[in-house]
Every structure is written in C-alpha cells, then in structure tokens.
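A short write-up of the structure that comes next.
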Amino acid sequence: MAETDTRTLDTAGAVLRYDVRPGTDAGEPPLLLIGSPMDATGFATLASHFPDRTVVTYDPRGVSRSVRTDGAAETLPEEHADDLARLVEALGAGPVDVFASSGGAVNALALVARRGDLVRTLVAHEPPLAGIVPDREAALAACADIRDTYLREGWGPGMAKFLALVSHLGPVPADWTERPAPSPDAFGLPTEDDGTREDPLLGQNIRGCTSHLPDFAALRAAPTRIVVAAGKESEGTLAARAALAVAEGLGTPLTVFPSHHGGFLGGEFGQHGAPEEFAGALRTTLDDNDNDNDNDNGNGNGNGNGNGN
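Mapped onto our numbering, the consecutive letters of the sequence shown carry residue numbers 29 to 337.
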C-alpha cells in the first residue's frame, strides 16, 4: 500500500489535518472514518482492514493536530459538518462512504442533512443524541452537569461523571444530578485539579453534540443511504438508545454491530473491541449499497435496506 499522505485544510475558524491512505481499488469511492472528539489515531486498526479502499481520517477541530483559530470555547455539530463538507470537497472524488462513530456520527448526520450530495452511504454508529431519547430532560441535564463539574473541579471529577453516565443502563433517572458524585478513584482517574480546561470532550463538544436535534425531514429526503448502528454489547446505554431513536426517526431498522461503543478499536487508547468482526460487518453493510440501489423504490435515498446483519 502507498504511504499515507497527510494534508492540511483551512476552514472557517480552524486548520484541519487529515490523512489519505490510497487503496488498491480505484473503482470505489473513498471511505471516510470519523469520530469526535476522537482523532485519526483511533481508526488505525479499522483502516487496516480496508486495504482496497482509499481511507481518509482526520482530527476534528480543536483536537490533536487540528487547531482552532476562532478562540471559541465550544463547537456545534453544524460547524463540524461544515468542516467535513470542505474536506470531502477537497478530496475531489465525488460522494464518499462514511463510517462515523459517537460524536462523529452526530456530525455526519448534520453533514448529510445539509449536503447529502457529498455522501453515498453513511453508517452512523451510536450517536449520543441525548435530546431525542424519552428521558431527554434528565439526560441533557446530566451532560450539562458533566461540563459544569469539569469547569469547576477539573478533568478527573468531570470524566468520572461522564463514565458513570455512558455506562448506565436504561433511562437516566430524574434525580441523576442530585445523586452523590462518583469518585474519580473508582475509575483510576486523578482527583487533583491540574488547572487545565482544554479537554475537547468535556469542554468543547459535550453540550453541542448531545443536544443536537437531527433534521429528520432533511435526512429522509437526502440521496444518502443512511444505516444507523449500535453495538451488540451496548444495549441499554445512552448512545445505543439514541441510535435506536435515530433509526425510528428515519423509519429504518437499527443495525446491530459486533462488540460495543468502541468495537472497532484494536488497542488504541488501551481499549479493545472486536475489530476484525466489526470491520467485516462494516464491509458487508457498505457492500450492500449496490443492492440497495438496485432495489430502490424510486424515493431517491434507499435508507434502511441491506442492513448487514
């Protein structure tokens, strides 16, 4: 395989860095792998399972190599979507396929709602859209409380609340923010405040990401085939429940992928999923795109067909 080409892209309020790994099959569109706030390094294992595809990864604004130039403290999915649109246009390779994880799935949905012409197939894996689950008020309050705790007490206490929320099974109780705070020690996190407030998850993205409301009418009308997925082991978590709500909003089935929220990870950040099985499920889902086009009933989007499981 040819060497990875790292490129720079100026956007409104940020300078993005992205990587292009050329594939052996020039007939397939590029495969864009995106997370948020996870950077490109989180997709090293997954990208290795697609040597035939040109794989593109990037660092979202304010993360790792991508530097913000606007001085803003928070970022909305619409801003990330604009960055992604510019990135796809810079590739000059027509509509791309997108696998989007977590906050990246939220941003990708915002992209398709605005510029569906840029995306052939979107696989949106566990978008943590707290604003569309039945317990939305408690879930959104919990997310806001995480950021408030981070700003007030530092990274350890804020991250402890984040981990407690994302691992909770079932609806978020109405009194969640009034309960005793989890100890950072329980998660192996630091208890002392180092004074920094630059964490892209707890500071920059958490409120805008979780409170985003998808434009379901625009998504249903888009030419993009949208597959919403959740990990088999994620059932009951906030991100999986939100994925189900997105699928219901689109009128499509939820696709079940192997493993959990980070099922594609092969040791990145010290986390392991089932990357080989995950990549196989993703490939099957993407390969079903041609079948969907053949079976399209004329509404132009083909959403929900050939879900790969």
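Even glycine gets a Cβ: it sits at the ideal position worked out from N, Cα and C.
With residue i as the anchor, note down where its alpha helix (DSSP H) starts and where it stops.
i           : result
residue 174 : 164-181
residue 78  : Neither: residue 78 is in no alpha helix (DSSP H) and is coded neither H nor E.
residue 250 : Careful: residue 250 lies outside any alpha helix (DSSP H) and carries neither H nor E.
residue 111 : 105-119
Out of the options, state which residue places its alpha-carbon closest to the alpha-carbon of residue i.
i           : options            : result
residue 143 : 253, 226, 210      : 253
residue 228 : 217, 255, 186, 276 : 186
residue 276 : 245, 102, 112, 179 : 245
residue 302 : 315, 287, 313      : 287
residue 160 : 269, 282, 39       : 269
residue 58  : 67, 313, 104, 120  : 120
residue 284 : 267, 190, 299, 236 : 267
residue 232 : 289, 274, 174      : 174
residue 84  : 124, 66, 93, 100   : 124
residue 47  : 189, 40, 60        : 60
residue 316 : 273, 280, 279, 255 : 255
residue 184 : 172, 214, 158, 157 : 214
residue 170 : 152, 192, 181      : 192
Count the other C-beta atoms from every protein chain shown that fall within 10 angstroms of the C-beta of residue i, then say buried if there are 16 or more, exposed otherwise.
i           : result
residue 122 : exposed
residue 95  : exposed
residue 211 : exposed
residue 201 : exposed
residue 52  : exposed
residue 130 : buried
residue 219 : exposed
residue 295 : exposed
residue 154 : buried
residue 162 : exposed
residue 74  : buried
residue 179 : exposed
residue 239 : buried
residue 197 : exposed
residue 321 : Since pLDDT at residue 321 reaches only 47, below the 50 mark, its modelled position is unreliable, and no value is offered.
residue 67  : buried
residue 56  : buried
residue 314 : buried
residue 292 : buried
residue 297 : exposed
residue 128 : buried
residue 141 : buried
residue 195 : exposed
residue 36  : exposed
residue 230 : buried
residue 157 : buried
residue 327 : Confidence at residue 327 is low in this model, with a pLDDT of 36, below 50, so its placement is unreliable and the value that follows should be read with caution. Exposed, by the Cβ-count rule.
residue 290 : buried
residue 241 : exposed
Beta strand (DSSP E) containing residue i: first to last residue?
i           : result
residue 129 : 124-129
residue 161 : Note, residue 161: premise wrong, no beta strand (DSSP E); not H, not E.
residue 49  : 42-49
residue 35  : 33-39
residue 152 : 147-153
residue 61  : 59-62
Does residue i come within less than 7 Å of chain D when only Cβ atoms are used?
i           : result
residue 267 : Checking the listed chains, one finds no chain D in this structure; it contains a single protein chain.
**OP:** Spell out a yes or no on whether the region 108-120 and the region 134-143 are touching, meaning 3 or more CB-CB pairs, one atom from each, closer than 8 Å.
**Re:** yes
Original post:
For the region 263-271 against the region 239-251, are there 3 or more C-beta pairs whose distance is under 8 Å?
Top reply: no
Subject >> Three CB pairs or more closer than 8 Å across the region 155-173 and the region 188-207 >> reply: yes
**OP:** Assess, as a yes-or-no matter, whether the region 73-80 is touched by the region 297-309 under the definition of 3 or more beta carbon pairs within less than 8 Å.
**Re:** yes
Original post:
Does the region 85-95 touch the region 144-154, meaning 3 or more C-beta pairs lie closer than 8 Å?
Top reply: no
**OP:** Report the residue ranges of all beta strand (DSSP E) runs contained in full by the region 228-306; include only those spanning at least 3 residues, in chain order.
**Re:** 253-259, 283-285
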